[in-house]
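To keep things clear, I will list the structure first and then write my remarks on it.
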Amino acid sequence: MTTHRDYGTGPPDEYVEAEIHRMLTEDPAVAEQGITVVRRERALVLSGEVESAHRREEILRRVAERFPDVPITTDIGVIRAQAPTEIEQLP
Amino acid sequence: MVIRIAAVGDVHLDEDVVGRFRPALEQLPDSADVLLLAGDLTRHGTEDEARCVAREFGGLGVPVVAVLGNHDHQCDQVPQVVGALEEAGIIVLEGNGVVLDCVGGRLGVAGVKGFGGGFAGRCASDFGEPEMKAFVRTTTESADRLSEALRSLDCDVLVALTHYSPVPDTLAGEPLEIYPFLGCYQLGQAIDSAPTALALHGHAHQGSERGTTPAGIRVRNVAHPVIKQAYSVFHLGDHLDQPQVSGIGAGGIQQSWS
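Protein chains in written order, with our numbering: chain A, 374 to 464; chain B, 1062 to 1319.
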């Protein structure tokens, strides 16, 4: 019979990573599908780009709230929205 | 004959983003005849968010044509979302098309949201559990509607507008494992079934800009995180000899062919 392991000090990192990744999409306060979660030696790194600084702050707040024990660092940018300086000509 | 097309997708509007695109959009009528929006216009697909899209992208002075994306379906308010966009004069396509009279000729745009499924040799099949069959049938029905819409338009230049990708080329940069959630080859097949000049899509935020269908039709991923500007501008015309990129000067586009 299969029994679920007692994780002891907490779930393995891979499950935490999966849970954060899903939360970023499924949490209505975030709803981002384009954020990458990468496990590094000392922390989970969130990277990607969002449409506003407010959204970046909200991602940090929600992840820290839900996973207070997981060290997280972020490298999330706000996508530039300037007019184009070049066109592409397609014959 | 040159038709100038501006396009962007995945703008994910809500109150916090309103106004960010507007300064660039005010300049758009100087450089484009039409703006195409490649889905994921909102964050969760609520009517309120659609009104934000209407405020930001409405009243531009050029026609705006959109398809919806998966985010625009999240709250099951598609009719309200479409209603809010249409009230602002935005044309929303889903399995149909529109022909616009531009200075350079008649531009036909056929649009569909599309769906996932994967690409040739590595795709889902209409087989097995009802859930799996429903998934693949959604894909094929969507592609069939696009094909029909493309072939029904009488125009000089034909463009296909989708949210999901018709080719794997423009997904480069995304993890291979999620390709089946990002697009399907059936959309490419639909695009190749008509004399399409250009196919535009969004959805793949970490993908890349350029690709071609198996029949050689150009595909561009215009997701905002990919193009990293308010919109991209494409010039389509018979007499242009070579594909090239030109700068837009302070006084407008440098017409390097004239």
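Note that CB positions come from ideal geometry on N, CA and C, so glycine has one too.
Rounded straight-line distance, which links the Cα of residue j to that of residue i
i	j	result
B:Ser1213	A:Glu459	33 Å
B:Arg1083	B:Ala1265	24 Å
B:Pro1090	B:Val1294	11 Å
B:His1069	B:Arg1112	In the sequence as displayed, the identity of residue 1069 of chain B is Val instead of His. Using only the alpha carbons, I get a separation of about 18 Å.
B:Ser1346	B:Gly1298	Outside the modelled stretch of chain B, which goes from 1062 to 1319, sits residue 1346 of chain B, for which no answer is possible.
B:Glu1155	B:His1262	14 Å
A:Phe440	A:Arg415	15 Å
B:Glu1076	B:Phe1188	43 Å
B:Thr1273	A:Leu419	32 Å
B:Val1063	B:Val1164	8 Å
A:Arg453	A:Ser425	10 Å
B:Leu1232	A:Gly421	15 Å
A:Leu417	A:Thr446	6 Å
Three-state class that DSSP yields for residue i in the structure shown
i	result
A:Ser425	coil
B:Val1072	coil
B:Ser1005	Past the edges of chain B, shown from 1062 to 1319, lies residue 1005 of chain B, and the structure says nothing about it.
A:Pro444	coil
B:Ile1064	strand
B:Ser1226	strand
B:His1296	strand
A:Met374	In this prediction, A:Met374 scores a pLDDT of 47, lower than 50, which makes its location untrustworthy; no coordinate-derived value is stated.
B:Ser1186	coil
A:Gln414	Contrary to the premise, residue 414 of chain A reads as Glu rather than Gln in this sequence. Coil at A:Glu414, not helix or strand.
B:Leu1121	coil
Beta-carbon separation (whole angstroms), residue i vs residue j, contact threshold 8 Å
i	j	result
A:Val436	A:Ile393	6 Å
B:Ala1260	B:Val1283	Rounded, the Cβ-Cβ distance is 10 Å, inconsistent with contact.
B:His1224	B:Gly1100	3 Å
B:Ile1151	B:Gly1130	Actually they do not touch by this definition, with Cβ atoms about 14 Å apart.
B:His1132	B:Gly1172	16 Å between Cβ atoms; not a contact.
B:Gly1050	B:Gly1268	There is no way to answer for residue 1050 of chain B, as the model of chain B reaches only from 1062 to 1319.
Contact list for residue i against chain A, beta-carbon separation under 8 Å
i	result
B:Val1072	Glu424
B:Phe1082	Ala454
Within chain B, the residues that residue i reaches when beta carbons sit closer than 7 Å
i	result
A:Arg453	Lys1289, Gln1290
Listed by chain order, chain B residues near residue i by CB distance under 8 Å
i	result
A:Ile432	Here the premise fails: no neighbours, minimum Cβ distance about 13 Å.
A:Arg428	Asp1077
Amino acids of chain A, ordered along the chain, whose beta-carbon sits closer than 7 Å to that of residue i
i	result
B:Leu1259	Leu463
Interface partners of residue i on chain A, CB under 9 Å
i	result
B:Phe1295	Ile460, Glu461, Gln462, Leu463
### Task
Say whether the segment 1163-1176 of chain B touches the segment 1201-1217 of chain B, bearing in mind that this needs 3 or more beta-carbon pairs closer than 8 Å, one atom from each stretch.
yes
### Query
Do the segment 1184-1198 of chain B and the segment 1240-1253 of chain B touch if we need at least three Cβ pairs shorter than 8 Å?
yes
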